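Chains as they are written, first to last, in our numbering: chain A, 4 to 140; chain B, 3 to 118. A quick write-up on the structure given underneath.
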Amino acid sequence: MNYQYNIGCSLSNLKGIREFVRTSLKDQHVPEIEMSAIVLALDEMCSNLMIHAHHCNPDHMLELHIVIPATGKFIFEIVDDGSLFDINEFHEPDLGNLVHQKRKGGLGIRLVKAIMDNVEYLKRDEKNVCRLTKIIK
Amino acid sequence: MVHIKRLQEDGADIISVIGEIDASSSIELDLAIAKSVGEGFKKILVDCSALEYISSAGLGVFMSYIEELRDKNIPMVLFGMKEKVANTFSILGLADLLHIAATRPEAKKLADELSV
């Protein structure tokens, strides 16, 4: 089964993204801790894209796709046509450095990589596709 | 959407965080902690019992105060976290950097010990 949600790049829409993910997965017997972590990862990826690739312009749109598998390998895709924001190209900041520099950012990438089994980027119909894979046993 | 309430008890400022903290609402938490520090409180307790969700934006706010509070000798203790929220802190290993207690009495006790 596939689900799709289109949303403008406003941070006030993050709550709707979280509800969409939760609703799409609600009948999939995903344990609550795993569910919360997946919701968090999608929030982090979308807020990163909204801020860094779209400068929070609400007229710019993100498409979220969720592919519910038969095998336990869940696929989440975020499709946009902004500049590519590839988290694999960013080094995860050292926590000690973040504390010392009093930086409020930089934790989201670390969270996404810790939660998801794979993060990859591809092009489809001239658009960027960020594909997150999570295996639930 | 998040609501922040503050109340003072035994010289500590207790900041109650109610709802969800994400990139759109983390500024509210930032302002509350800044006010608490600015008003000169020597102990800050953060009641997370009604916190339903926190993203990296909220975690980053707590992280950004660690050094300032350490320099000013102001202990900040978080307490009452639900498991799903605590899990977000533990994924990043923040439990080692922040002071976290299970209950309000334990948080007060820990803040007292840290402020000696």
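Each residue gets a CB set at the ideal place from its N, CA and C atoms; glycine is no exception. Note that this is a predicted model, so its numbers are computed, not measured.
>> Taking DSSP's pairing of strands, which residues face Lys137 (chain A) in a bridge?
In response: A:Phe77
> Leu65 (chain A) touches chain B at which residues, Cβ-Cβ below 9 Å?
Replying inline: Result: empty, since nearest Cβ-Cβ is about 14 Å, beyond 9 Å.
>> Which runs of the alpha helix (DSSP H) at least 4 residues long sit entirely within the stretch 42-108 of chain A? Give them in chain order.
In response: 98-104
> Buried or exposed: Leu80 (chain B), going by 16 or more other Cβ atoms within 10 Å of its Cβ?
Replying inline: buried
> If you run the structure through DSSP and keep just helix, strand and coil, what is Asp15 (chain B)?
Replying inline: strand
> Which residues, taken in chain order from the stretch 6-36 of chain A, show a beta carbon closer than 9 Å to some beta carbon of chain B?
Replying inline: Ser13, Leu14, Ser15, Asn16, Leu17, Lys18, Arg21, Glu35 and Ile36
> Can the beta-carbon of Asp15 (chain B) be found closer than 7 Å to that of Ser38 (chain B)?
Replying inline: yes
>> Judging by CA-CA distance, which residue of A:Asn16, A:His94, A:Pro96 and A:His103 is the nearest neighbour of Glu69 (chain B)?
In response: A:His103
> Are the beta-carbon atoms belonging to Gly60 (chain B) and Ser28 (chain B) less than 7 Å from one another?
Replying inline: yes
> Which residue's Cα is closest to the Cα of Val63 (chain B): A:Asn5, A:Lys140 and A:Gly109?
Replying inline: A:Gly109
> Any idea if Thr90 (chain B) is buried or exposed, counting beta-carbon neighbours within 10 angstroms, 16 or more meaning buried?
Replying inline: buried
> When you check each C-beta in the stretch 40-69 of chain B against every C-beta of chain A, which residues fall closer than 9 Å?
Replying inline: Tyr55, Ile56, Ser57, Ser58, Ala59, Leu61, Gly62, Val63, Met65, Ser66, Tyr67, Ile68 and Glu69
>> Cutting at 6 Å between CB atoms, please list the residues of its own chain near Gly85 (chain A), excluding the five before and the five after it.
In response: Ala56 and His57
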